[in-house]
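S.K.: Quick one: the structure is below, and I'll ask about it shortly.
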Amino acid sequence: MSLERTLEAGHRPLSRAAGDLLALCRRHPAVAVSLVVILVWVVLIAGANIFSPFNPLQPAMKVRLNAPSLEHLFGTDQLGRDVFTRVLYGGRSTLAAALAVVAAGSLIGTLIGAIAGFGPRWLDEVLMRVTDMVLAFPIIILAMAVAAALGAGLGNGVIALAAAWWPQYARVTRGLVLELKSLDFVAASRTSGRHPAGILVRVILPNALPTLMVMAAVDIGRAILNFAMLSFLGLGARPPAPEWGAMIAEGAQVMDQWWVATCPALAVLTLVIAFNMIGDGIRDWMDPLMRRRR
Amino acid sequence: MWTFTFRRLLLLIPTLIGITLITFAVTRSIPTDPVAATIGEQAAEHPEIVAVYRAKWGLDEPLPVQYLTYLRNLVRGDFGDSIYTHRPVAADLADYLPATIELATVAIIISILISLPLGVLAARFRGGPFDGLVRTVTTIGVSMPIFWLALVAINIFYFHLHLVPGQGRLDSGLAPPPTVTGLYTIDGLIAGDFGLVANALYHLALPAFVLATWSIGLITRVTRASMLAVLGQDFLRTARSKGAREPYVLVHHAVENAILPVITVMGLAFGDLLAGSVMTETIFGWPGIGRYAYSAASHADFPAVMGVTLVVAISYTIVNLAVDLAYALIDPRIRAAMS
């Protein structure tokens with residue numbers, strides 16, 4: 003039992019992960035900047051009610067379409083609502099939706115990939131063919147179809163995107179499980195008489211987890227972009243609820259008052275760039291060939 | 016090569032069946048009254064219309080039979096009727112698809128013309144200011160909410176600078192050329208009407224550039240990465256030591272060996288283009304299937320949405336097939352392994 007314990011401790015201690023992150027930031031300053039950008043947005047969004055005295059929903063017709071000023075940092079929209087406030091509150095919907103999409107997508111994908119990689123051959127075949135079928139659709143198109151079937155709304159938008167999101171995780175997890183399955187410590191665990199399901203859950207998956215978590219973390223940017231798209235098309239969050247994609251759609255009516263659409267768009271852009279930069283940094287970091295050549 | 020092509024074409028059949036299985040599953044996942052969703056609330060109030068509909072799609076049969084009925088109707092080109100336009104969805108799609116194909120094709124041509132030189136040069140001068148600029152711009156490109164970029168582009172180039180024409184594929188006074196392919200540029204060339212071709216290109220320019228934003232970013236980044244992997248290799252040193260000039264080494268030795276991943280990502284980028292067309296076409300008033308999909312989605316026109324979904328997935332699959340074939344055509348090793 004004690005042997006197995008040691009073998010199971012394949013997952014890295016937290017301090018080690020923090021050290022890795024620090025080294026990554028030192029090598030790629032862009033990653034550090036990106037982390038700061040994300041942190042600033044998260045703090046602003048989480049503390050929306052602290053950072054802004056305005057109500058995101060209450061119209062104020064006297065101050066319609068005011069340009070950015072000290073009082074209204076990002077100006078006001080057609081109904082006189084403060085755009086800065088709406089961007090912060092909107093971030094709650096967009097960010098929560100993006101996190102939910104990635105969480106649901108990675109969970110479903112990991113489950114399917116793990117079963118495919120660890121289960122019998124025929125099940126692997128069936129699951130991977132289904133994965134390929136879903137992969138035949140561009141994500142936003144399939145999400146659009148599912149959202150149209152379910153009806154518009156924040157929750158349905160998340161379900162629709164998650165339904166198109168999981169296949170990449172299924173593929174990666176399956177690959178990882180197949181690779182780990184052939185390693186000695188898994189064989190050791192098997193000879194010690196463990197139930198196969200126990201081996202999968204307690205021995206294999208913990209070792210696949212770091213890779214999957216990095217993949218999911220970097221994926222949040224793409225989820226933000228896709229959810230904003232779905233909302234822009236009227237299939238995600240619905241107005242008057244503040245949400246970045248829906249706000250850009252509202253701002254489209256008044257492009258001469260550029261701030262109404264541009265501020266939420268820049269929120270999307272900066273966050274997505276930050277997540278992509280971190281992804282690039284990690285990819286560089288994990289590729290020993292690239293590291294040597296730098 | 017022929018056996019390979021034939022085998023790959025055969026593989027298309029299970030893929031297409033898979034696609035229809037997914038769309039079938041989506042149509043059956045409507046939580047409310049699926050019949051009302053597919054024929055419209057008004058029609059659903061007439062029992063006789065509902066009965067005809069149920070019989071046509073075999074809705075009283077078990078699910079597998081329903082699927083076969085669904086497949087049979089699709090093969091016949093029957094995608095159902097649009098609730099909003101009151102026309103067969105297939106007829107709508109046939110009208111709008113050429114506009115999208117033309118826009119996406121021009122966008123991918125623009126992307127390739129810009130991305131390949133950018134990626135190659137960025138890799139060649141890695142670490143320099145040009146490389147830095149390319150990396151920054153392409154990172155912004157792949158992160159861009161292009162629906163906002165489209166709005167900004169229209170506002171600047173149309174409303175303020177008057178540099179680009181308004182909505183549509185041609186100026187409003189012009190009649191489209193006689194239909195051969197449905198692509199106005201090609202049909203105009205066939206008809207020998209160069210003024211019309213120029214006008215069609217004029218209308219294509221801005222939407223195509225906006226649509227190409229993502230793919231330019233994506234293809235440049237992959238080209239750069241793929242070139243970096245090749246540039247350090249010995250055969251380039253050999254070529255140089257034999258006295259080959261640098262541009263020749265770069266194009267004939269390096270690019271030829273770095274191109275395979277680039278072609279793969281072009282196939283993927285085409286999927287992005289089809290998806291991006293929903294946004295771009297809607298904003299530019301481009302009469303393609305993207306705008307059709309948007310209007311269908313906002314009018315709860317379910318059969319039309321599913322029709323677009325199906326057509327996009329099939330086009331995407333065909334493009335990926337073409338990518339596989341291009342692979343085999345370029346790399347003799349793959350050809351040998353597959354046949």
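In order, the protein sequences belong to chains A and B. Add 2 to the 1-based position in the first sequence for this note's numbering, that's all there is to it. Add 15 to the 1-based position in the second sequence for this note's numbering, that's all there is to it. Using N, Cα and C, we set each Cβ at its ideal position, and we do this for glycine too.
1. With a threshold of 7 Å between beta-carbons, can M130 (chain A) be considered close to chain C, or not?
2. Does S357 (chain B) get closer than 7 Å to chain A when you measure Cβ to Cβ?
3. For the 8 Å Cβ check, are there 3 or more pairs between the segment 185–195 of chain B and the segment 146–163 of chain B?
4. In the segment 191–224 of chain B, which residue ranges form an unbroken alpha helix (DSSP H) of at least 4 residues, counting only runs that do not cross its ends?
5. Bridge partners of T78 (chain A), per DSSP?
6. For M3 (chain A), which of helix, strand or coil comes out of DSSP?
7. Whose C-beta lies closer than 6 Å to the C-beta of V323 (chain B) among residues of the same chain, with five residues either side of it excluded?
8. Could you spell out where the alpha helix (DSSP H) holding T35 (chain B) opens and where it closes?
9. What do you reckon, are the CB atoms on L233 (chain B) and A165 (chain B) nearer than 7 Å?
10. Where P208 (chain A) and M217 (chain A) are concerned, what is the direct C-alpha to C-alpha distance, given to the nearest angstrom?
11. From R240 (chain A) to A105 (chain A), what distance separates their C-alpha atoms?
12. Whole alpha helix (DSSP H) runs in the segment 55–129 of chain A with 4 or more residues, listed along the chain?
13. On the DSSP bridge list, what partners appear for P103 (chain B)?
14. What is the residue span of the alpha helix (DSSP H) that N278 (chain A) lies within?
15. For the alpha helix (DSSP H) containing N272 (chain B), list its first residue and its last residue.
16. Out of A:T175, A:T78, A:R176 and A:R204, which one is the CA nearest neighbour of F187 (chain A)?
17. By the 10 Å Cβ neighbour count, where 16 or more other Cβ atoms means buried, how is D84 (chain A) classified, buried or exposed?
18. For the alpha helix (DSSP H) that contains P77 (chain B), what are its first and last residues?
19. Measure from the C-beta of G33 (chain B) to each C-beta in chain A and report whether the shortest distance is under 7 Å.
20. Give me the Cα-Cα distance between L101 (chain A) and V35 (chain A), rounded to the nearest whole angstrom.
21. How many Å lie between G92 (chain B) and S191 (chain A) at the Cα?
22. Taking Cβ positions only, does T154 (chain B) come closer than 7 Å to chain A?
23. Between which two residues does the alpha helix (DSSP H) holding F162 (chain B) run?
24. If contact means a Cβ-Cβ distance below 9 Å, which residues of the segment 245–275 of chain A contact chain B?
25. Any beta-carbon of chain B closer than 7 Å to the one on I40 (chain A)?
26. Under three-state DSSP, which class holds P244 (chain A)?
27. Is it the case that the Cβ atoms of M242 (chain B) and A138 (chain B) are separated by a distance below 7 Å?
28. Alpha carbons only, please: which of A:V38, A:V174, A:S54 and A:P212 is nearest the one belonging to F312 (chain A)?
29. I'd like to check one pair, V327 (chain B) with V148 (chain A): are the Cβ atoms closer than 7 Å?
30. Note down, in chain order, each residue of its chain lying with its Cβ closer than 7 Å to the Cβ of A168 (chain B), except the 5 sequence neighbours on either side.
31. Flag N278 (chain A) as yes if its beta-carbon sits less than 7 Å from any beta-carbon of chain B, otherwise no.
32. Nearest CA to the CA of T120 (chain B): which residue from B:D287, B:K71, B:G147 and B:L148?
33. Is the shortest distance between the beta-carbon of F162 (chain B) and the beta-carbons of chain A less than 7 Å?
34. Under a Cβ-count criterion, where at least 16 other Cβ atoms within 10 Å of its own Cβ denotes burial, should P55 (chain A) be classed as buried or exposed?
35. For K183 (chain A), tell me which candidate among A:A172, A:T96, A:M63 and A:P198 has the shortest Cα-Cα distance.
36. List, in order along the chain, the chain B residues whose C-beta lies closer than 7 Å to that of M135 (chain A)?
M.R.: Looking at the coordinates:
1. No chain C appears in this structure, whose protein chains are A and B.
2. No statement about residue 357 (chain B) is possible, as the shown extent of chain B runs from 16 to 354 and does not include it.
3. Verdict: no, contact absent.
4. Runs of the alpha helix (DSSP H) spanning 4 or more residues and lying entirely within the segment 191–224 of chain B occur at 199–206, in chain order.
5. By 1-based counting over the first sequence, the position of residue 78 (chain A) is 76. In the DSSP assignment, T78 (chain A) is bridged to A:D84.
6. For the purposes of this step, residue 3 (chain A) is taken as residue 1 along the first sequence, with counting starting at 1. Summary for M3 (chain A): the model assigns pLDDT 38, below 50, so the residue's position carries little reliability; its value from the coordinates is reported in the next sentence. The answer is coil: DSSP assigns M3 (chain A) none of H, G, I, E or B.
7. In the second sequence, residue 323 (chain B) corresponds to position 308, counting from 1. Scanning its chain for C-beta atoms nearer than 6 Å, with the 5 sequence neighbours on each side dropped, one finds around V323 (chain B) the residues I304 and A308, in chain order.
8. Numbered from its first residue, the second sequence carries residue 35 (chain B) at position 20. Secondary structure note for T35 (chain B): its alpha helix (DSSP H) is the uninterrupted segment W17 to T42.
9. Taking the second sequence and counting its residues from 1, one reaches residue 233 (chain B) at position 218. Taking the second sequence and counting its residues from 1, one reaches residue 165 (chain B) at position 150. In terms of Cβ geometry, L233 (chain B) and A165 (chain B) do not form a close pair [threshold 7 Å].
10. For this step, residue 208 (chain A) is matched to residue 206 along the first sequence. For this step, residue 217 (chain A) is matched to residue 215 along the first sequence. Straight-line Cα distance between these residues: approximately 15 Å.
11. In the first sequence, counting from the first residue as 1, residue 240 (chain A) sits at position 238. In the first sequence, counting from the first residue as 1, residue 105 (chain A) sits at position 103. Their backbone Cα atoms lie some 22 Å apart in a straight line.
12. With a minimum length of 4 residues, the continuous alpha helix (DSSP H) runs that stay inside the segment 55–129 of chain A are 85–120.
13. Here residue 103 (chain B) corresponds to residue number 88 of the second sequence, with the count starting at 1. B:D96, per the DSSP bridge assignment.
14. To locate residue 278 (chain A), count along the first sequence from 1; it is residue 276. It spans W261 to M288 - the alpha helix (DSSP H) in which N278 (chain A) sits, taken as one unbroken run.
15. Against the second sequence, residue 272 (chain B) aligns to sequence position 257. Element bounds for N272 (chain B): E271 to F299.
16. For this step, residue 187 (chain A) is matched to residue 185 along the first sequence. Considering only alpha carbons, the answer is A:R204.
17. Numbered from 1 along the first sequence, position 82 holds the residue referred to as residue 84 (chain A). Here D84 (chain A) is buried. Its C-beta has 16 or more other C-beta atoms within 10 Å.
18. On the second sequence, residue 77 (chain B) is found 62 positions in, with the first residue counted as 1. P77 (chain B) -> no alpha helix (DSSP H), and no H or E assigned at all.
19. Looking up residue 33 (chain B) in the second sequence gives position 18. Yes, contact with chain A.
20. Reading the first sequence from its first residue, position 99 is the one you call residue 101 (chain A). Reading the first sequence from its first residue, position 33 is the one you call residue 35 (chain A). Computed Cα separation, rounded: 21 Å.
21. Position 77 of the second sequence, counted from the first residue, corresponds to residue 92 (chain B). Position 189 of the first sequence, counted from the first residue, corresponds to residue 191 (chain A). When the Cα atoms are used, G92 (chain B) and S191 (chain A) turn out to be separated by approximately 56 Å.
22. Here residue 154 (chain B) is taken as the residue at index 139 of the second sequence, counted from 1. Chain A, which has a Cβ nearer than 7 Å to the Cβ of T154 (chain B), makes this yes.
23. The residue given as residue 162 (chain B) occupies position 147 in the second sequence. For F162 (chain B), the enclosing alpha helix (DSSP H) covers residues I161 to A168.
24. Against chain B - using a Cβ distance shorter than 9 Å - the residues of the segment 245–275 of chain A are W246, G247, I250, A251, G253, A254, M257, D258, W260, A263, T264, P266, A267, L268, V270, L271, T272, L273, V274 and I275.
25. Position 38 of the first sequence, counting from 1, holds the residue named residue 40 (chain A). So, not an interface residue.
26. The residue you call residue 244 (chain A) lines up with position 242 of the first sequence. In the structure shown, P244 (chain A) sits in coil (DSSP, three-state: anything other than H, G, I, E or B).
27. Translated into positions along the second sequence, residue 242 (chain B) becomes position 227. Translated into positions along the second sequence, residue 138 (chain B) becomes position 123. Yes.
28. There is no way to answer for residue 312 (chain A), as the model of chain A reaches only from 3 to 296.
29. Within the first sequence, the letter at position 146 stands for residue 148 (chain A). Within the second sequence, the letter at position 312 stands for residue 327 (chain B). Not a contact, by the Cβ cut-off of 7 Å.
30. Within the second sequence, numbered from 1, the residue matching residue 168 (chain B) stands at position 153. So the list reads L221 and V225, once near-sequence residues are dropped.
31. Looking up residue 278 (chain A) in the first sequence gives position 276. It does; some Cβ of chain B falls within 7 Å.
32. Looking up residue 120 (chain B) in the second sequence gives position 105. Nearest C-alpha to T120 (chain B): B:D287.
33. By 1-based counting over the second sequence, the position of residue 162 (chain B) is 147. Answer yes: the Cβ-Cβ gap between F162 (chain B) and chain A drops below 7 Å somewhere.
34. Against the first sequence, residue 55 (chain A) aligns to sequence position 53. By the neighbour-count rule (16 or more Cβ atoms within 10 Å), P55 (chain A) is not buried but exposed.
35. Within the first sequence, numbered from 1, the residue matching residue 183 (chain A) stands at position 181. Between K183 (chain A) and the set A:A172, A:T96, A:M63 and A:P198, the nearest pair of CA atoms involves A:P198.
36. Sequence index remark: in the first sequence, residue 135 (chain A) carries index 133 (1-based). Scanning chain B for C-beta atoms nearer than 7 Å to the C-beta of M135 (chain A) yields G33, I34, L36 and I37, reported in chain order.
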